[in-house]
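Under this note's numbering, the first residue of the sequence shown carries the number 166, and numbering increases by one thereafter.
Positions of the beta carbon are idealized from the N, C-alpha and C atoms, including for glycine.
One structure is given here, and the rest of the page talks about it.
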Amino acid sequence: MVSFEAESSTAPLELLARVEFMCVVLHGAILGVLRRKRVRGFSARVVLTGDIVATVRRLRPPAEEDSRMFTTERLGGTVMGKILPSTADGSSFTIILSDAVWLEDNAEATAHGASIIAHELGHCVVESCRRASGYTPSMTDLTMGESVAREIAGDALEEYRVGQIENAVLGAVGTSGKGDDAVPLALHHLYGDDYVHALDEILTGVVYPGWPDRVQTYRDWKISMEDMWEGLARSAWEASVLIAHAAAVALSADEPDPITEGEFADAPAVSLYLGEPWECIRDIADSVSVLCTPAASAKMEERVYTEGVDAVLAMFGELGLRFTLLPGGRHHLAVTAPARLRDDHS
Ligand SMILES: [Zn+2]
166 MVSFEAESST
176 APLELLARVE
186 FMCVVLHGAI
196 LGVLRRKRVR
206 GFSARVVLTG
216 DIVATVRRLR
226 PPAEEDSRMF
236 TTERLGGTVM
246 GKILPSTADG
256 SSFTIILSDA
266 VWLEDNAEAT
276 AHGASIIAHE
286 LGHCVVESCR
296 RASGYTPSMT
306 DLTMGESVAR
316 EIAGDALEEY
326 RVGQIENAVL
336 GAVGTSGKGD
346 DAVPLALHHL
356 YGDDYVHALD
366 EILTGVVYPG
376 WPDRVQTYRD
386 WKISMEDMWE
396 GLARSAWEAS
406 VLIAHAAAVA
416 LSADEPDPIT
426 EGEFADAPAV
436 SLYLGEPWEC
446 IRDIADSVSV
456 LCTPAASAKM
466 EERVYTEGVD
476 AVLAMFGELG
486 LRFTLLPGGR
496 HHLAVTAPAR
506 LRDDHS
């Protein structure tokens, strides 16, 4: 079941009806697939909003997620949707959607809007699966590095899986092209080269030499350890999520993964830091079908929380960062010179 409401939206009434209809169609498409996989369905409350930040902050349960403020700014894009789990057994979710993509009334805007709904429904599927499996990774006795590495590896895995669910749902309800040339609608029809451009910008504009420079700035006593680590952790998370999205888009076009074998495989940001963790996470994800049983999903997450987390920690090691937990629960971070290209003395 889908319930639908709008808040602080200046959108006309016929637009609301259009979005609501699309939510019902896509939710039905997902439930159809889940039923075939014998995974329980879920209901959703959709809130269409003119101000996604305000709506997320208002509706988010106080204990949910971390103390960081929710913002829509991300490396390589803006957040247009967000899910909030609303019941403890995972049977109902709140999906908050920005009305921004829906304000234009044409086929392209509709397809883009549908992809955002399909994406958020994909998160509901993964979360339903997680709850059905009963798997909860232990969160005690983690170093600062391990906590962040878990978020990075877990979210990169989830975004890659959700991208593929989104792609399957789009293909089930829409086509691209005309007449006999029409093919099932896929992520790459909507996003084209957008992610390639975003990756290019981030890998060369933010990650390298930005990351090692940031560590070095701390080693030169110009910023505090908190500033250095918090900025790096956030940037590593954003870059990893972007890589996962880009990989799902490339896969939808049967193109090679832009990081492991495609155009960025030799970029220093990839060969020095991001390549190995992503290859590890993607290999684990590709070894299981996207819509799998809850038990298989839990097993995949468990592997990512061990092997994937180790790979992310090794990446932080390349950046000169090593974390230990001292007796009494205090955190220690040892910082040495970050790895750079051999001929780069900056
Ligand atoms: Zn997502």
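Option in the options with minimal Cα separation from residue i
{"i": "E391", "options": "N271, V204, A499", "result": "A499"}
{"i": "E444", "options": "A430, C457, V414, V212", "result": "A430"}
{"i": "V290", "options": "D306, E323, I261, T243", "result": "E323"}
{"i": "A145", "options": "L368, A401, R205, T489", "result": "There is no way to answer for residue 145, as the model of the chain reaches only from 166 to 511."}
{"i": "D378", "options": "D359, E483, H362", "result": "E483"}
{"i": "V414", "options": "D508, I446, D359", "result": "D359"}
{"i": "G494", "options": "G485, M309, P459", "result": "M309"}
{"i": "A209", "options": "G485, A176, E170", "result": "E170"}
Cβ-based burial, residue i [other Cβ within 10 Å; buried from 16]
{"i": "D385", "result": "exposed"}
{"i": "A182", "result": "exposed"}
{"i": "F258", "result": "buried"}
{"i": "N271", "result": "exposed"}
{"i": "E179", "result": "exposed"}
{"i": "L491", "result": "exposed"}
{"i": "D264", "result": "buried"}
{"i": "E285", "result": "buried"}
{"i": "H288", "result": "buried"}
{"i": "K387", "result": "exposed"}
{"i": "K247", "result": "buried"}
{"i": "H192", "result": "buried"}
{"i": "Y435", "result": "At residue 435 the sequence reads Val, which differs from the Tyr that was named. Buried, since its Cβ has 16 or more Cβ neighbours within 10 Å."}
{"i": "M480", "result": "buried"}
{"i": "P250", "result": "buried"}
{"i": "V348", "result": "exposed"}
{"i": "T220", "result": "buried"}
{"i": "S232", "result": "Confidence in S232 is poor, its pLDDT being 43 and thus under 50, which makes the residue's placement unreliable; the coordinate value appears in the next sentence. Classification for S232: exposed."}
{"i": "P520", "result": "Absent from the model: residue 520. The displayed extent of the chain is 166 to 511, so no value can be given."}
{"i": "R201", "result": "exposed"}
{"i": "A502", "result": "exposed"}
Whether residue i touches residue j by CB criterion (9 Å)
{"i": "A314", "j": "G473", "result": "yes"}
{"i": "L506", "j": "P433", "result": "yes"}
{"i": "A276", "j": "I195", "result": "no"}
{"i": "L407", "j": "L355", "result": "no"}
{"i": "A504", "j": "L439", "result": "no"}
{"i": "V211", "j": "E172", "result": "no"}
{"i": "V244", "j": "I217", "result": "yes"}
{"i": "A409", "j": "Y325", "result": "yes"}
{"i": "S341", "j": "A351", "result": "yes"}
{"i": "V372", "j": "S400", "result": "yes"}
{"i": "S303", "j": "F207", "result": "no"}
{"i": "A279", "j": "M187", "result": "yes"}
{"i": "S174", "j": "G215", "result": "yes"}
{"i": "P423", "j": "A476", "result": "no"}
{"i": "E329", "j": "V190", "result": "Just to set this straight, residue 329 is Gln in the shown sequence, not Glu. No, the pair does not count as a contact, with Cβ atoms beyond the cut-off."}
{"i": "I367", "j": "E403", "result": "yes"}
Per DSSP, the bridge partner or partners of residue i
{"i": "K247", "result": "I261"}
{"i": "M490", "result": "The sequence shown places Leu at residue 490, not Met. Looking at the DSSP assignment, L490 forms a beta bridge with H496."}
{"i": "V291", "result": "The partner list for V291 (beta bridge, DSSP) is empty, contrary to what the question assumes."}
{"i": "S400", "result": "Partner(s): none; S400 has no beta bridge."}
{"i": "T340", "result": "P349"}
{"i": "A209", "result": "V167, F258"}
{"i": "T501", "result": "DSSP output for T501 lists no bridge partner at all."}
{"i": "E172", "result": "T214"}
Proximity test, Cβ basis, 9 Å: residue i and chain D
{"i": "A314", "result": "Among the chains of the structure shown, chain D does not appear; only one protein chain is present."}
Anything with a beta carbon under 6 Å from a heavy atom of ligand 2 counts; list them all in chain order. As presented, the structure is devoid of ligand 2, carrying ligand 1 as its sole ligands.
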